[in-house]
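Position one of the sequence shown corresponds to residue 3 (the numbering used here), numbered consecutively onward.
All C-beta atoms, glycine included, are put in the ideal place defined by N, C-alpha and C.
Structure, as structure tokens:
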Amino acid sequence: MRIFTKKLPHPDLPAEEKAQLLQNSEYQERMVESTFLYLTLDLPTAPLYKDEKEQLIIPQVPLFSILAKFNGSTEKEYKTYKENFLKRFQLTRLPPYLIFCIKRFTKNNFFVEKNPTIVNFPITNVDLREYLSEEVQAAHTHTTYDLIANIVHDGKPSEGSYRIHVLHHVSPPSSGAGGATGTPQITPSSPGSWQGTGKWYELQDLQVTDILPQMITLSEAYIQIWKRREEDETNQQGA
């Protein structure tokens with residue numbers, strides 16, 4: 003990942019002094035390359051007002067709107083105790099698995115707040131090619147991801163509980179497992195040879211239940227795991 007950082011003058015300074023500071027090398031944009039374990043997705047600020055029925059409005063945001071943070075052009079201001087910075091991010095590589103952490107919790111001087119915004123996302127066919135820098139796009143043949151796990155937080159920040167949605171993933175049969183007729187031979191003694199059902203399940207404590215895929219998108223997703231499609235899986239989906 004490439005991280006572009008630009009220091010900002012203090013907002014209370016006169017315009018002339020700001021213009022002079024921006025000419026200094028200290029205030030020029032710098033770029034560093036960094037690895038990452040997961041991608042943090044920032045939610046828009048939740049509204050504080052209520053609707054005409056005196057019910058709090060729960061906003062919704064598309065997944066691609068919060069993924070725009072990594073398109074290489076979207077800038078966001080970050081503040082410290084003494085300095086302010088503008089940062090933008092761009093991906094240079096797409097790993098086999100991606101973890102999204104949706105930033106629902108913020109801590110102030112008094113307590114932890116939770117943002118209830120619902121993220122609207124498809125569970126298959128999420129193409130991330132546009133978030134790669136142009137010079138590396140050609141090197142990435144597969145840029146489409148499917149959701150395989152979704153962790154949900156319910157309730158208040160200090161009293162809530164967690165649920166997880168897991169896909170019983172259907173793996174393509176191994177090319178070396180064919181018998182005389184070329185049909186994959188699946189036996190209990192061959193590790194990793196079991197085929198999944200392709201169904202979604204909800205796990206909470208010791209309870210495991212079926213869940214419809216369309217119900218997953220209605221939850222307050224917190225952490226998601228996405229799997230990159232490979233060539234054999236793409237062909238299987240298109241068959």
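Give the range of the alpha helix (DSSP H) segment to which residue i is assigned.
i: Ala17; result: 17-23
i: Val172; result: Where Val172 is concerned, there is no enclosing alpha helix (DSSP H), given that its DSSP letter is neither H nor E.
i: Pro13; result: From DSSP, Pro13 is part of no alpha helix (DSSP H); its letter is neither H nor E.
What does DSSP give as the partner residue(s) for residue i in the beta ladder?
i: Arg32; result: Thr7
i: Ile104; result: Leu43
i: Leu149; result: Trp228
i: Tyr133; result: Per DSSP, none; premise fails for Tyr133.
i: Asn117; result: DSSP output for Asn117 lists no bridge partner at all.
i: Val266; result: Outside the modelled stretch of the chain, which goes from 3 to 241, sits residue 266, for which no answer is possible.
i: His167; result: Asn152, Glu204
I'd like the list of long-range same chain contacts for residue i, defined as Cβ closer than 8 Å, with 5 residues on each side in sequence excluded.
i: Ile218; result: Ile125, Leu149, Asn152, His167, Trp202
i: Ser245; result: The displayed coordinates of the chain run from 3 to 241. Any statement about residue 245 would go beyond what the structure contains.
i: Ile213; result: His167, Trp202, Tyr203, Glu204
Leaving aside the five residues before and after residue i along the sequence, list all residues of the same chain whose C-beta is less than 6 Å from its C-beta, in chain order.
i: Thr199; result: His170
i: Thr108; result: Glu115
i: Phe6; result: Glu31, Met33, Arg90
i: Val245; result: No answer is possible for residue 245: the residues shown for the chain start at 3 and end at 241.
i: Ile225; result: Cys103, Ile153
i: Arg230; result: Pro98, His144, Tyr147
State yes or no: is the C-beta of residue i within less than 8 Å of the C-beta of residue j?
i: Ile227; j: Tyr99; result: yes
i: Phe113; j: Gln92; result: no
i: Thr145; j: Leu88; result: no
i: Pro43; j: Lys105; result: The question names Pro, yet the displayed sequence has Leu at residue 43. Yes, Cβ-Cβ distance for Leu43 and Lys105 is below 8 Å.
i: Pro11; j: Tyr29; result: yes
i: Thr211; j: Glu222; result: no
i: Glu79; j: Lys9; result: no
i: Leu45; j: Asn117; result: yes
i: Arg4; j: Ser160; result: no
Answer yes or no: does any C-beta atom of chain C fall closer than 8 Å to that of residue i?
i: Ser36; result: In the displayed structure, chain C is absent; only one protein chain is listed.
Just reading off the beta strand (DSSP E) that residue i is part of, what are its end residues?
i: Glu79; result: 78-81
i: Ile68; result: Premise fails: Ile68 lies in the alpha helix (DSSP H), 65-69, not in any beta strand (DSSP E).
i: Thr211; result: 209-212
i: Arg95; result: Here Arg95 belongs to no beta strand (DSSP E), and DSSP marks it neither H nor E.
For residue i, I'd like the list of residues in its chain whose CB is within less than 7 Å of its CB, leaving aside the five on either flank, ordered along the chain.
i: Glu18; result: none
i: Lys20; result: Pro11
i: Gln139; result: Arg131
Should the region 57-71 be called in touch with the region 112-124, which here means at least 3 C-beta pairs below 8 Å? yes
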